[in-house]
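Okay, so here's the structure we're looking at.
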Amino acid sequence: MFDWVQLADLGTAVGTTALAIATFGATRSANRSARFAERALLEGLRPILLPSNWSDPVQKVRYQDGKWLAVHGGHAALEITDETIYLLLAVRNAGSGVAILHGWHLPESGETEPSPLSEFHRLTRDIYVPTNDPGFCQVAIRDPQSTDFARAREGAAADGFLIDVLYGDAEGTQRVVSRFSVSSGPTGHPDDSGEWLLAVARHWNLDLPTPRS
Numbered sequence: 080m081f082d083w084v085q086l087a088d089l090g091t092a093v094g095t096t097a098l099a100i101a102t103f104g105a106t107r108s109a110n111r112s113a114r115f116a117e118r119a120l121l122e123g124l125r126p127i128l129l130p131s132n133w134s135d136p137v138q139k140v141r142y143q144d145g146k147w148l149a150v151h152g153g154h155a156a157l158e159i160t161d162e163t164i165y166l167l168l169a170v171r172n173a174g175s176g177v178a179i180l181h182g183w184h185l186p187e188s189g190e191t192e193p194s195p196l197s198e199f200h201r202l203t204r205d206i207y208v209p210t211n212d213p214g215f216c217q218v219a220i221r222d223p224q225s226t227d228f229a230r231a232r233e234g235a236a237a238d239g240f241l242i243d244v245l246y247g248d249a250e251g252t253q254r255v256v257s258r259f260s261v262s263s264g265p266t267g268h269p270d271d272s273g274e275w276l277l278a279v280a281r282h283w284n285l286d287l288p289t290p291r292s
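Right, dumping it as structure tokens:
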């Protein structure tokens, strides 16, 4: 003879278990969808800086002290005085979101990793580089006794130097350090325009997993 009470309890337990499994599956699916949506959003905001094209128009930029520099596409303009080093990089944003430049640092020659963020110099203003458009990175080194001043001056007297540029997306996330090289070119001197050649050596993601092991 069936114990209908126990059978009813068993049915209730089975139903509750099935509901729990279904709820767990739905929650996992929702979390997965949320992660995909977040990744798609971040990809839509992600910037990446490269040297601009040589065919891009000349950019003229004013510094705080009234100094003006002009730079052709794909190049860097450099001017050294006793008190200040002016550096202007012609860059292009090849990413899918606006790049907001935050700071810069001149690493030692041969460094293979980005320097700590505490060593970066914050820009006096945010510089915005729209996606698929040329832009610039503007640097002024005003302390002749600083290590950066010495590295830039010694590099300019040799075959060039490196500069790390720190930037992120419009939300202040997805920070990247891109390492650019400012070089004198194969002749050992700035090219015919009187400017320096600009190339990018490496990118480091600070807020995302690195693509390199």
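Counting in our numbering, the final residue of the sequence shown is number 292, and the numbers go up one at a time with none missing. Glycine included, C-beta positions come from ideal geometry on N, C-alpha and C.
With respect to the beta strand (DSSP E) encompassing Ala280, which residues constitute its N-terminal and C-terminal limits?
-> Run containing Ala280: 275–284, per the beta strand (DSSP E) assignment.
Decide if Arg204 is buried, meaning its Cβ has at least 16 other Cβ atoms within 10 Å, or exposed.
-> Label assigned to Arg204: exposed.
Start and end of the beta strand (DSSP E) containing Asp158?
-> Before going further, note that residue 158 is Glu rather than Asp in the sequence given. 154–159 is the extent of the beta strand (DSSP E) around Glu158.
In or out: Glu274 buried (at least 16 other Cβ within 10 Å) or exposed?
-> Counting Cβ neighbours within 10 Å, Glu274 comes out buried, since at least 16 surround it.
Measure from the alpha carbon of Tyr246 to the alpha carbon of each residue in Leu285, Asp161, Leu167, Val140, then state which is nearest.
-> For Tyr246, the closest of Leu285, Asp161, Leu167, Val140 by C-alpha to C-alpha distance is Leu285.
Flag this pair as yes or no: are the beta carbons of Ala235 and Ser260 separated by less than 7 angstroms?
-> Here Ala235 is not near Ser260, since their CB atoms are 7 angstroms or more apart.
Which residues in the same chain have their Cβ closer than 7 angstroms to the Cβ of Ala156, if we skip the five residues on either side of it in sequence?
-> Counting only Cβ-Cβ distances below 7 angstroms, and skipping sequence neighbours, we find Leu148, Ala149, Val150, Leu167, Glu274.
Have a look at Glu250 and Val256 and give me their C-alpha separation to the nearest angstrom.
-> Between Glu250 and Val256, the C-alpha separation is close to 16 angstroms.
Would Ala169 pass as a contact of Gly152 if the rule is Cβ separation under 7 angstroms?
-> Their beta carbons are under 7 angstroms apart, which means Ala169 touches Gly152 by this criterion.
Mapping DSSP to helix, strand and coil, what is Thr252?
-> In the three-state DSSP reduction, Thr252 falls in the coil class, being neither helix nor strand.
In angstroms, rounded to a whole number, what distance separates the CA positions of Thr226 and Arg141?
-> One Cα belongs to Thr226, the other to Arg141, and the distance between them is close to 24 angstroms.
Pairwise C-alpha distance: Asp144 and Thr191 | Distance between the alpha carbons of Thr191 and Asp144 is about 34 angstroms.
Take Asp248 as the anchor and find which of Thr163, His181, Gly189 has the nearest alpha-carbon.
-> Closest option to Asp248, judged by alpha-carbon separation, among Thr163, His181, Gly189: His181.
Give the DSSP-derived three-state secondary structure of Gly247 in the structure shown.
-> In the displayed model, Gly247 falls within a strand according to three-state DSSP.
Pull up the distance between the alpha-carbon of Pro288 and that of Trp183, whole angstroms please.
-> Straight-line Cα distance between these residues: approximately 22 angstroms.
Have a look at Trp283 and Thr95 and give me their C-alpha separation to the nearest angstrom.
-> So the two alpha carbons sit approximately 49 angstroms from each other.
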